[in-house]
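First the structure, in the form of structure tokens, and then the observations on it.
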Amino acid sequence: MTPPVLEGFEEELLPLVQELEKRLLELEDVPGAESVAALFRTTHTLKAAAAMLGFEEVTGAADRMENVLDAVRSGARRLEQATLHDLLGAVDALRGLLRGAPTEAGRAALAALDAPASPAGAPAPAPPRRLRLSLALQEDALTRGMDPLVLLATAAELGTVEAAAVDASRLPPLEALDPERLHLGFQLTLSTSATAAELRAFLAFAESAGTVGVEELAAPERPEAPREAPPAPATLVVGAARVDALVTLGAELLLATSRVEQLRAEGAAPTDVRLESACREALRLATQVQEAAMAMRLAPLEPTFLRIRHFVRVEAAKLGKQVQVELRGGQTELDRSVAERLLGALEHLARNALDHGIAPPEERVGRGKSPQGRLVLSAREERGRVVLEVEDDGRGIDPSRVAAAAAARGLLPPDARLTSEEAVQLILQPGFSTAERVGALSGRGVGLDVVRRNLLAVGGELRVRSQLGKGTRFTLSVPLTMAVLDGLVVSIDGERRVVPRDAVERLVPLELAQLIRLPDGRAVLQLPDGGVPLLRPHATQAPLPRRGVAVIVGTSRGRVAIPADEVLSQESVLLKPLPHGLKMAEGVLGAAVLGDGRVALVLDLTALVEPSGAAAALPPPSVGPSPAPAEAPTSSSPDFKVTTT
Amino acid sequence: MGARDVPLDALPPRLSFDGARALKAQLLEAIATPNPTLDARAVTAVDAAGLQLLIAAARAARARGGRLTLHEPSPALLRALALAGLTAALDTAEDAP
């Protein structure tokens, strides 16, 4: 990319790109001249701003979009779904360019904009050719107004110049040179999608002035190894109000701490009321600073939702299905990094609903439903977590089909029968798919377990409810933010571990606990309201623990008792992903920096709890019931270094 | 230009057929100095007539044991040099010493 005139101003353009995207997605709902005009204006503003800052590629991309919109505005081009799709692709490309890492897909979308609005199935771009252009014009070419440099520049427009050379062998010494006669020959090697004949035709007007040779060279060797774009530095666009609030709080905090310092310098005793109050004030402000800083990571989910809706419309049209997409709670805010990871999961679930859930119109009508299917995407905040739902009114999950598929894979005996709940548990297992055919969208062996795993990585959970013939609802629950976690710090086999506080139901001293061993070797802790399996790496052999405390935690997959030596503290910890290169162990959510600066691993509870219900019928779960598997490179080094990102 | 005492000999905006004779005269004068440096910032248009004069001047300077330097060539000049594959052949200087 051409280095921009003003580097570091990429972020200035991002809000415009976002607005562009929003308007495009709105246009889908409210098509109309006014929306197109608004979109055109935004594109134009972006183009002007990019040009001013020297972002040539962005300027060029915006220009291409502007051309398309202009044609739509003037009625020369109809705004079709495909055009809208290309424009959205171009927005992605813009975003990539601004991050300094344009994607191939983005470039393709930009190229698609240039294609004339053709009837379905635009021709694939021709593979690049190498053409060599040779110009040997007569000496009087200049007097006849034929400038070889103009010809070269014209040809260069058709592609990329690979090589250029001048033949000055007939150039007389300066003293003897007749400056009005041409003494130079030229050669230009071009990488282009044009054919030799096209280039020749393009330059035909010059043939009266001499020889214009065009030949096609052997296909270019493409040493172009897949260019791995360097990871773009993560940038956030934050509203000015939020930054201002943080700045103000920072100043107040500074004042409060200097007040503490001043009192100390004056020799105030630790019991001094003034000192105590100043400390409390500083702490209060520090908490507020932290909250304000966290708020910067939050962004509404709406753009994510709009993208999913667009995706559903495009894909439904391909499948010949009719789907109405309803969005609820788009204003719900979520940590941006979590939202980014959710996009894939939501897309997958929407895809699933389209492929397997919502039936074609005829089938729906046959079942007494409206021909148009319904897909509801909703979000709401619930006690520090964001709950998202993807619900369709389609076929629902058929337990008998799931049972048959499981039997075919040897997971269940052939005559097994499943309850609705068991069927749901089963489809969340790795590699399980009931897709009978390889669908255009899903069914490629990438199952719901991938969605589940991605969610687990951000501390999320996935629940499924389905009613045969009525529909399916997927419920995703993710922490509002990844960065701060209320945790219970416990010691397990001498190592410090953090248990997310939300999940802790109660603590039971093991001395008093009723522990029993099941015939299969697992230990269960008896509580008044039922048995809770005991988590233990070597559950089957080790003697039952009689000392310490059992931390009873609840997850969507059931309860589990974690035996700990002792509970050390309860604190808000800063959660960080494990340093790059360290494999994330099963059952580990990340690392946390504790109040004293030491580092502890945070347990990922959902991964530690065996699925209930169908579990007994399944092969051994891939998630071992171990809080810290021995092979985890990090588990035995309590003080490994965590690099801040 | 800062440290330079003598102002540079500046190339005209158009290095083209129209002013070719004047340009040739200017270049002949320039190559009379050992290491001629030409201020190329103002150049807005170049055609083959201008280009061949620059090449000839560069050769002449080299024949005299010196070299022709184009000081801060304008985008128009750089583009012309690129189309002829000469970007590396001519000495250009971002900032003359």
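Here the protein sequences come in this chain order: A and B. Per the numbering used here, the first sequence starts with residue 1, numbered consecutively. Per the numbering used here, the second sequence starts with residue 1001, numbered consecutively. Where a beta carbon is used, it is the ideal one built from N, C-alpha and C, also for glycine.
6 Å CB neighbourhood of residue i in its chain, flanking five on each side removed
i                : result
valine 464(A)    : Val424 and Phe474
leucine 411(A)   : none
alanine 1063(B)  : none
glutamate 162(A) : Thr189 and Ser191
glycine 80(A)    : Going by the sequence as given, residue 80(A) is glutamate instead of glycine. Correct list: empty, nothing qualifies.
valine 30(A)     : none
threonine 2(A)   : The predicted model places threonine 2(A) with a pLDDT of 48, which falls under 50 and marks its position as unreliable; any figure quoted below should be read in that light. Same-chain partners within the cutoff: Glu56.
glycine 595(A)   : Glu571
arginine 374(A)  : Gln324 and Asp393
Residue range of the beta strand (DSSP E) that includes residue i
i                 : result
glutamate 391(A)  : 385-392
glutamate 363(A)  : Note, glutamate 363(A): premise wrong, no beta strand (DSSP E); alpha helix (DSSP H) at 361-366.
aspartate 335(A)  : 333-335
isoleucine 516(A) : 514-517
isoleucine 552(A) : 549-555
leucine 589(A)    : 588-593
Bridge-paired residues (DSSP) for residue i
i                    : result
serine 378(A)        : Arg328(A) and Glu389(A)
glutamate 566(A)     : Ser491(A)
phenylalanine 474(A) : Val390(A) and Val464(A)
threonine 1037(B)    : Thr1069(B)
proline 500(A)       : Gly487(A)
glycine 213(A)       : Ser134(A)
leucine 527(A)       : Gly530(A)
leucine 507(A)       : Val551(A)
leucine 298(A)       : Asp335(A)
Span of the alpha helix (DSSP H), counted from its first residue to its last, around residue i
i                : result
threonine 143(A) : Note, threonine 143(A): premise wrong, no alpha helix (DSSP H); not H, not E.
glutamate 56(A)  : 56-73
arginine 307(A)  : 302-319
threonine 248(A) : 240-265
valine 91(A)     : 81-98
Option in the options with minimal Cα separation from residue i
i               : options                                           : result
leucine 605(A)  : Leu87(A), Leu301(A) and Thr555(A)                 : Thr555(A)
serine 74(A)    : Thr45(A), Phe40(A) and Asp86(A)                   : Phe40(A)
leucine 1038(B) : Leu1083(B), Asp1009(B), Leu1081(B) and Ala1082(B) : Asp1009(B)
alanine 168(A)  : Glu56(A), Val386(A) and Leu182(A)                 : Leu182(A)
glycine 185(A)  : Glu157(A), Thr160(A) and Leu151(A)                : Leu151(A)
leucine 46(A)   : Leu253(A), Leu14(A), Pro528(A) and Pro172(A)      : Leu14(A)
alanine 550(A)  : Ala600(A), Gly60(A) and Leu488(A)                 : Leu488(A)
leucine 418(A)  : Val402(A), Ala408(A), Gln322(A) and Glu180(A)     : Val402(A)
alanine 278(A)  : Glu291(A), Ser258(A) and Gly267(A)                : Ser258(A)
alanine 345(A)  : Val451(A), Glu381(A) and Val508(A)                : Val451(A)
proline 528(A)  : Arg506(A), Gln187(A), Glu10(A) and Arg99(A)       : Arg506(A)
alanine 404(A)  : Ala416(A), Ile397(A), Arg395(A) and Ala164(A)     : Ala416(A)
alanine 293(A)  : Arg274(A), Asp335(A) and Ala165(A)                : Asp335(A)
Backbone secondary structure at residue i - three-state DSSP
i                : result
proline 1073(B)  : coil
proline 220(A)   : Caution applies to proline 220(A), whose pLDDT of 48 falls short of 50 and renders its modelled position unreliable; the value that the coordinates give is listed next. Here proline 220(A) sits in coil by DSSP.
glutamate 157(A) : coil
glutamate 180(A) : coil
glutamine 187(A) : strand
glutamate 21(A)  : helix
leucine 39(A)    : helix
glutamine 288(A) : helix
leucine 535(A)   : coil
leucine 137(A)   : strand
serine 105(A)    : The residue you asked about is not serine; residue 105(A) is alanine in the sequence shown. Of the three classes helix, strand and coil, the one that applies to alanine 105(A) here is helix, per DSSP.
aspartate 167(A) : strand
arginine 1014(B) : strand
leucine 603(A)   : strand
valine 560(A)    : strand
alanine 225(A)   : Residue placement at alanine 225(A) is flagged as unreliable, the pLDDT there being 38, under the threshold of 50; the coordinate-derived value follows with that caveat. Residue state, collapsed to three classes: coil.
leucine 1008(B)  : coil
proline 172(A)   : coil
leucine 1078(B)  : helix
serine 277(A)    : helix
Nonlocal neighbours in the same chain, by C-beta distance under 7 Å from residue i, ignoring five residues either side
i               : result
alanine 1061(B) : Ile1031, Pro1036, Arg1067 and Leu1068
histidine 44(A) : Glu66
arginine 385(A) : Ser477, Val478, Pro479 and Leu480
alanine 1084(B) : Leu1051
threonine 59(A) : Lys47, Ala50 and Ala51
Close Cβ partners of residue i (< 8 Å) along its chain, the five nearest in sequence each way excluded
i                : result
alanine 141(A)   : Asp147, Pro148, Leu182, Ala209 and Gly210
lysine 1024(B)   : Leu1053
aspartate 178(A) : Pro172
alanine 1045(B)  : Pro1013, Arg1014, Leu1015, Ser1016 and Ala1076
valine 238(A)    : Met296
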